[in-house]
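Going by our numbering, the first residue of the sequence shown is number 1063, and it counts up by one from there.
Taking it in order: structure first as structure tokens, then the write-up.
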Amino acid sequence: MFNNVTNTVIASLSDVSFSYKDKPILRSVSLEIRSGERLGIVGESGCGKSTLLKILAGLLSPDSGSATIYGKSTLSEIRKHVALVMQSPMLLPVTIYENITLGHEIPDERIHEVLKQASLLSWIESLPDGINTYLGDRADELSGGQAQRISIARALCKDAPILLLDEPTASLDSATAESVLSSLDAAAGKRTIVHVTHQVEYLKNYDRILHMKDGVLSEGGPAC
Ligand SMILES: Nc1ncnc2c1ncn2[C@@H]1O[C@H](COP(=O)(O)OP(=O)(O)OP(=O)(O)O)[C@@H](O)[C@H]1O
Ligand SMILES: [Mg+2]
């Protein structure tokens, strides 16, 4: 437990159902997330975990039911309050700096801090153009870990109160994964975290672990 949890519910799903075409994915999912809570979600591949996170991130709208964050339910309002690290990192054909800041003005000290937190500093300092390295034609030359750490730095830079992590360490070896996760733990501070993972051991300090099976979310049940 991180003892940051308050009684204030900042995000909630109420009876949310979602289908891709006519294939039901989420079935009447209800969830209340409190400020400062660290919530883990586990479940078999294909059960709907990423879909759930995309709804919490404001990337998808429920077919029925509602998703709200700070009482707001429009996708643009929801997106303001969350930062998402996706399962497969998405890098843009711009510099590392622009991939991290996404065009927002961020003080240099803050950039330096997030590079450290995402364990990127020594690698970036070793590049001839440093953080101004253009990723246009070179994105393929990055390791999965480097690409994922750039997307973690991007999420930390956003300073949103809710951090959504979709298997952020799936492309990392176990030593790097543990080091990135412990940096993320420290960097997240009092932020609320929803962390989807197949590795329940990464959730040992979490406040709550939920299990998803065939689009139904429940407390308890076997870890996968
Ligand atoms: N864009 C899409 N169009 C159609 N079907 C999709 C789409 N995205 C996901 N699905 C399907 O929806 C189901 C749930 O996918 P989702 O990505 O939420 O699962 P998951 O629990 O995150 O799985 P994993 O652990 O493998 O990441 C899967 O059957 C998947 O094939
Ligand atoms: Mg997934």
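We put the beta carbon where it would ideally sit given N, CA and C, even for glycine.
Who sits around ligand 2, taking every residue whose Cβ is closer than 7 Å to one of its heavy atoms? Selection output, chain order preserved: Lys1111, Ser1112, Gln1149, Asp1228, Glu1229, Val1258.
Identity of the residues DSSP links to Lys1266 by a beta bridge: Bridge partners of Lys1266: none, in fact.
Measure the Cβ-Cβ separation of Gly1098 and Val1067 and say whether it is below 7 Å. Their beta carbons are under 7 Å apart, which means Gly1098 touches Val1067 by this criterion.
Specify, as a first and last residue, the run of the beta strand (DSSP E) that Glu1281 falls within. According to the DSSP assignment, Glu1281 belongs to the beta strand (DSSP E) that extends over 1278-1281.
Shortest alpha-carbon distance to Asp1125 belongs to which of Lys1134, Gly1133, Thr1113, Ile1131? When only C-alpha atoms are compared, the closest one is Thr1113.
Buried or exposed: which applies to Glu1281, given that a residue is buried once 16 or more other Cβ atoms fall within 10 Å of its Cβ? Classification of Glu1281: exposed, given that the 10 Å Cβ count is below 16.
How is Gly1127 classed by DSSP in three states: helix, strand or coil? The answer is strand: DSSP assigns Gly1127 an E or B state.
Please go through the same chain and pick out, in chain order, the residues whose beta-carbon is closer than 8 Å to the beta-carbon of Lys1275, but skip the five residues on each side of it. These residues qualify, in order along the chain: Gly1105, Glu1106, Cys1109, Gly1283.
Please state whether DSSP places Ile1186 in a helix, a strand or coil. The DSSP-derived three-state label of Ile1186 is helix.
Heavy atom of ligand 1 less than 6 Å from the Cβ of Gly1165, yes or no? Not so, every heavy atom of ligand 1 lies at least 6 Å from the Cβ.
Might you give, ordered along the chain, the residues of its own chain that have their beta carbon closer than 6 Å to the beta carbon of Ile1193, omitting 5 neighbours on each side? So the qualifying residues of the chain are Ile1158, Tyr1159, Ile1186.
Reduced DSSP category for Ser1236 - H, G, I as helix; E, B as strand; rest coil: Helix at Ser1236.
Only counting runs of 4 or more residues, tell me where the alpha helix (DSSP H) segments fall wholly within the stretch 1146-1176, in order along the chain. Runs of the alpha helix (DSSP H) spanning 4 or more residues and lying entirely within the stretch 1146-1176 occur at 1158-1163, in chain order.
Closest by CA to Asp1235, which one among Arg1216, Ala1217, His1257, Gly1206? When C-alpha distances from Asp1235 are compared across Arg1216, Ala1217, His1257, Gly1206, the shortest belongs to Gly1206.
Near ligand 1: Ile1117 beta-carbon under 6 Å from a heavy atom: Of the heavy atoms belonging to ligand 1, none sits nearer than 6 Å to the Cβ of Ile1117.
For a test of the three-state rule: what should DSSP assign to Ala1119, helix, strand or coil? Three-state DSSP puts Ala1119 in coil, outside helix and strand.
Strictly by DSSP, which residues pair up with Tyr1132? The partner list for Tyr1132 (beta bridge, DSSP) is empty, contrary to what the question assumes.
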